[in-house]
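Please read the structure below before turning to the comments.
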Amino acid sequence: MGKKSREKRKKREEKENSIAHARVKEKREPEPFLFNIILFGVYAILFTPLFLDTGAYFPFVGPKSLYFMGLIQIIFFLWLYLAINYKRYRPRLSTILVSFFLFLTVLFLSSIFGVDFSRSFWSKFERMTGFLMWLHLFGFFLVLSSVFRMKEWGKIFIISVSVATLIGICSLLGIAGIEPLQMSEKGAFTIGNTSFLGTYLLFNALIALWLFSQEKSRAWQSGFLVAIALMISATWLSGARAATLSFFGGLGLLTLLWLAFRVENNKVRIVGKLILFFSVIAVLVGLVLLFLPENALEHNIVRDKFIELTSRARFVNWEMATKGFLERPLLGWGPETYTLVFRKYFNPCLFIKECGGEVWFDRAHNIVFDTLVTTGLLGIITYLGIFLSYFFILTKKYFKSHSIDFWTFGILIVIPVAYFAQNLTVFDMATSLMMFVLVLSFVSFLNDRNKKRDNSDLIARHSWVAGLLAITFLFTFFQFVVRPYQADRLVISTVIEKNPDERLALYEKVLTTSAMGKYQLRTFMGQQTEEFIRNNAKTLSINDAKKELDIAISKLEKSIEESPLDLKTSLRLAYLYNIYGTGDPEKFDLAEKYGEMSIDLSPTNQQGYWVLAQTKLYKQEFDEALNLAQQAIDLEPRNFQAHEIALQIARGTQNQEAILRILKEALEINPEWQSRLNSILSNEKEATSSENQE
162 MGKKSREKRK KREEKENSIA HARVKEKREP EPFLFNIILF GVYAILFTPL FLDTGAYFPF
222 VGPKSLYFMG LIQIIFFLWL YLAINYKRYR PRLSTILVSF FLFLTVLFLS SIFGVDFSRS
282 FWSKFERMTG FLMWLHLFGF FLVLSSVFRM KEWGKIFIIS VSVATLIGIC SLLGIAGIEP
342 LQMSEKGAFT IGNTSFLGTY LLFNALIALW LFSQEKSRAW QSGFLVAIAL MISATWLSGA
402 RAATLSFFGG LGLLTLLWLA FRVENNKVRI VGKLILFFSV IAVLVGLVLL FLPENALEHN
462 IVRDKFIELT SRARFVNWEM ATKGFLERPL LGWGPETYTL VFRKYFNPCL FIKECGGEVW
522 FDRAHNIVFD TLVTTGLLGI ITYLGIFLSY FFILTKKYFK SHSIDFWTFG ILIVIPVAYF
582 AQNLTVFDMA TSLMMFVLVL SFVSFLNDRN KKRDNSDLIA RHSWVAGLLA ITFLFTFFQF
642 VVRPYQADRL VISTVIEKNP DERLALYEKV LTTSAMGKYQ LRTFMGQQTE EFIRNNAKTL
702 SINDAKKELD IAISKLEKSI EESPLDLKTS LRLAYLYNIY GTGDPEKFDL AEKYGEMSID
762 LSPTNQQGYW VLAQTKLYKQ EFDEALNLAQ QAIDLEPRNF QAHEIALQIA RGTQNQEAIL
822 RILKEALEIN PEWQSRLNSI LSNEKEATSS ENQE
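Counting from 1, position 521 in the sequence shown corresponds to residue 682 in my numbering; the numbering is continuous, with no gaps.
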């Protein structure tokens, strides 16, 4: 780059790029009253991470997401009215807008042609990231990118950083042992999960860095530096390793960008570009090594180090996601359907400690694999297209039109790179998606910032437009925000209700209030029914128990009809019918039906064999029960629980030969299990002795 070009850029940078300049110099037409309501609505949205309702089913996720969507609906319909009547609030065509819309279109098509539209559209209270959420995110993007200018953006970012700093402080105090602030594990405060906390703070720490670069006031700059220090300290101490590494990796990338494009010395810039180039190559090679199949290389340093830091669970999930993608490569299985892929390609290794010991996943824990398996090739192409369009705008604004300064270019490049990097091991929630769309909207605004706006309003205004928008808003707000929130809160009321009749009435109300998370709620309520009957077996009448079971079973069977691939539902039905069968032996046939269905749905998952073995035991088909227990052992012999259950079944059938065989096989797998196996046998002897005395 020549000297004249650098001087030209410097003059333009000094002209209008600081937030402080925008606060005092920006001239504009007076804004309508609705503009200010929208602005304060956006401010309120930025407080989403603080929203918490302990009376809800998933207090850290559902209420937060519904609060977020509710406010988006308010500002969206107000903006829509402004956009109809004022040309200056209409969205301008940009590469980000087009790429975002294309991704949304693919999400819709994937939901329609996927395996379960309801699951894809609504999601569930634990995640809240279905197509419905993405519709709201797109509306959020349209409002943010169309309405505000630099003065408002400065305030929006300052409020966002302030909220994040408050959360960081409270998280640190929670880690330090301040009891009222210990709202979740490891100091995640109102976010609920340290990984999600890390993602949220990562965005805001980098935004604070950009605000620091734009400010002239020493006081403001000092405040932003303190905010960054607090947020990164909270990220690190809470254990959000991916976000911490991504932040410092982002600083490294920013340094390389500065060396390559900002320093005056030409030789230093050449060296910087070379280092940047080889660093990008090294990262890409590392990613290839990370994603290579397990047996592709004899010694894979990257993969081995990753397993050392985490576990093999991530790789097991990635392998299952790959198989699911290959089965439906174009549009995938549909958003929010990974749990259905998971049951089909289940790896029994997940039962053992080496693979994490967790046997239920609804995410692949990697943005690439998650997107591939749920939305296919079209999904990943359009998703990455959002990032490419974002980078295209920033590159054009910095290198071609020279309308943004280096720090705006560099930091805004780093933010999505760091976000994408940490999403290679975690996944998105409402708080991270909010920040992602916030940054996308700002860059879209920068793309149109220097274009002349049409400040005229339209001549023709129709009163019916406002009425139509109001009616539409009331309908969508009630259906997509109010009713799901009512259902979310009713769950806890149902669980704590002791009166059987009241409990059943609430149960019915929960499941008819909203379709949000209906499969999850039915399964959860079925589990609660099972626990309720077991815990109140001595006091609960047979009729009340049957009423509980009948309603739980009827709802779960409805889930099977609507979503026949859901393993959790079939397993829960098998367990409930096993309980029912103790009072009505004919129900064991239905327990057997759903046990067999569970095995058919997930032939490599030991849980189906265990529940069916329990049914066979109740039916006194002892040989078949032992055979099923043995099949479960054969699926993953390193799983102690499989040997434990087989031993209990053998003890229950008083089959000494089977007991000795199971003990011998278990000790051959792991001699260290000796004491645990002895404990099981001694407990069985004590229980038998106690029964004989009674």
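We put the beta carbon where it would ideally sit given N, CA and C, even for glycine.
CA-to-CA distance, residue j to residue i, given in whole angstroms
i	j	result
F439	L555	22 Å
Q681	L728	12 Å
I841	Q809	8 Å
V185	M590	Per-residue confidence for V185 stands at a pLDDT of 49, beneath the threshold of 50, marking its modelled position as unreliable; no derived number is given.
N766	F274	27 Å
S731	P193	56 Å
K754	M595	44 Å
K377	K316	16 Å
I823	T776	20 Å
T405	L412	11 Å
I574	T256	16 Å
L717	V441	50 Å
L635	V643	10 Å
E856	K466	For the chain, the structure presents residues 162 to 855; residue 856 sits outside this window and is missing.
V387	K484	46 Å
L487	E785	36 Å
F238	I245	11 Å
L418	W568	10 Å
S306	Y242	16 Å
Residue i, enclosing alpha helix (DSSP H) - first and last residue
i	result
L768	According to the sequence shown, residue 768 is Gln rather than Leu. That run of the alpha helix (DSSP H) goes Q767 to Y779.
P577	F567 to Q583
M311	M311 to I336
V600	A591 to D609
W834	Per DSSP, W834 belongs to no alpha helix (DSSP H) and is neither H nor E.
S356	T355 to Q375
M344	From DSSP, M344 is part of no alpha helix (DSSP H); its letter is neither H nor E.
W295	F292 to V308
W521	Taken as a continuous stretch (DSSP letters only), W521 belongs to no alpha helix (DSSP H), as it is neither H nor E.
P661	P661 to T674
W283	F278 to W283
E757	F749 to L762
L213	Where L213 is concerned, there is no enclosing alpha helix (DSSP H), given that its DSSP letter is neither H nor E.
G687	K679 to N696
Residue i and residue j closer than 8 Å at C-beta
i	j	result
R475	E515	no
L737	T684	no
V324	I199	no
V322	I393	no
L293	S284	yes
I319	L372	yes
S272	S260	no
K558	S550	no
F693	E669	no
G447	V463	yes
I760	Y218	no
P577	V598	no
Q802	Y770	no
L213	F221	yes
A811	L773	no
A403	T355	no
T535	T498	yes
A408	A366	One detail in the question is off: residue 408 reads as Phe in this sequence, not Ala. Contact: yes.
T674	Q640	no
G348	L398	yes
Reduced DSSP secondary structure (H/G/I, E/B, other) of residue i
i	result
Y247	strand
R430	helix
E785	helix
N739	helix
K708	helix
F634	helix
F208	coil
N839	helix
D649	helix
Q815	coil
F588	coil
I513	coil
T498	coil
D745	coil
Query - alpha helix (DSSP H) segments (min. 4 residues) lying fully within the region 390 to 478 - result: List check, alpha helix (DSSP H) in window: 402 to 422, 427 to 452 and 462 to 470.
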